[in-house]
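Input: a single structure, listed below in structure tokens.
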Amino acid sequence: MEVRILRREYFNRWYGLKAYYAALTFSSLPVMLFFGILFLGITYLMSGQILEWDRFILFVIYGILTGICSEGLGLAVGSAFDATNGSIIAPATAAPLLVLCCYGMGFGPSIEARMKALMSLSYLRYGLAGLSIALYQKRPLMECSQDFCLYSDPTLLLRDVGMATDTYYMQIVGLLVFIFIHRLIAYFVLRYRLTSEFSNKFMSYISKFLKYR
Numbered sequence: 539m540e541v542r543i544l545r546r547e548y549f550n551r552w553y554g555l556k557a558y559y560a561a562l563t564f565s566s567l568p569v570m571l572f573f574g575i576l577f578l579g580i581t582y583l584m585s586g587q588i589l590e591w592d593r594f595i596l597f598v599i600y601g602i603l604t605g606i607c608s609e610g611l612g613l614a615v616g617s618a619f620d621a622t623n624g625s626i627i628a629p630a631t632a633a634p635l636l637v638l639c640c641y642g643m644g645f646g647p648s649i650e651a652r653m654k655a656l657m658s659l660s661y662l663r664y665g666l667a668g669l670s671i672a673l674y675q676k677r678p679l680m681e682c683s684q685d686f687c688l689y690s691d692p693t694l695l696l697r698d699v700g701m702a703t704d705t706y707y708m709q710i711v712g713l714l715v716f717i718f719i720h721r722l723i724a725y726f727v728l729r730y731r732l733t734s735e736f737s738n739k740f741m742s743y744i745s746k747f748l749k750y751r
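One point on numbering: in our numbering, the residue at position 56 of the sequence shown is 594, and numbering is uninterrupted.
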């Protein structure tokens, strides 16, 4: 529906695509930040995480960046497909990203090089790794009520999920790159759809004009 309205308004030259896309991008940020911080704050406290400001800030940063990245992917799918097809394409796109995100849980040190390359194509992996690092890297031993608890040591947990060598900055850079890629794809898909629609209408008017001459 929004693309249909955008076509009409763009064809009437009410505004340019760059202005519309910039407004669309920045108008969602306040809502994303407010509700994202609220949700992440509640999640952090209710899950009993260690109360350290640096960890909490990193946790929020990774969560917000992952949300913005997901929104960009949704814009890309919504720009390319209508609501019916998009409702099929979006889950089909997200499913392999989720699989790659969770691959290696339990055998992190044994992940093959080719699988690591494939996992780097999933922005969700960067988000999950960032959240895990924020919560467990350089953290003291966790309390465990059992006689033997292997993962009371956060270092072992990060090792077995394949995130022991990941860094804060690499995950942030990865998420920022995917944010840029998703938004760029959405912009050019929208531009193609609008300009092709404009060209078709323009040629239709020209043919009608020549027909009735």
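Built from N, CA and C at the ideal position, the CB exists for glycine as well.
It should be emphasised that the depicted structure is a prediction, and the values quoted were computed from it without experimental measurement.
Beta-carbon separation (whole angstroms), residue i vs residue j, contact threshold 8 angstroms
i, j, result
"Met701", "Ala667", "5 angstroms"
"His720", "Cys639", "So it is not a contact: roughly 16 angstroms between Cβ atoms."
heavy atom of the ligand SAM below 6 angstroms from residue i C-beta
i, result
"Phe577", "Among the components modelled here there is no ligand, and therefore nothing to report on the ligand SAM."
Euclidean distance between Cα positions of residue i and residue j
i, j, result
"Ala614", "Ile723", "6 angstroms"
"Ile744", "Phe549", "Unreliable placement is indicated for Ile744, whose pLDDT of 44 sits below 50; the coordinate value is still reported in the next sentence. Those two C-alpha atoms are separated by around 15 angstroms."
"Ile626", "Gly612", "12 angstroms"
Short Cβ contact (7 angstroms threshold) for residue i with residue j
i, j, result
"Tyr600", "Gly665", "yes"
"Phe716", "Tyr661", "yes"
"Gly616", "Gly624", "yes"
"Gly646", "Arg697", "yes"
"Met680", "Ser690", "yes"
"Ile602", "Gly574", "yes"
Buried/exposed call for residue i, threshold 16 Cβ in 10 Å
i, result
"Val699", "buried"
"Met657", "buried"
"Ala672", "buried"
"Phe597", "buried"
"Asp704", "buried"
"Arg551", "exposed"
"Ser585", "exposed"
Residues near residue i in its chain [Cβ-Cβ closer than 7 angstroms; skip 5 each side]
i, result
"Ile543", "none"
"Tyr582", "Phe594 and Phe597"
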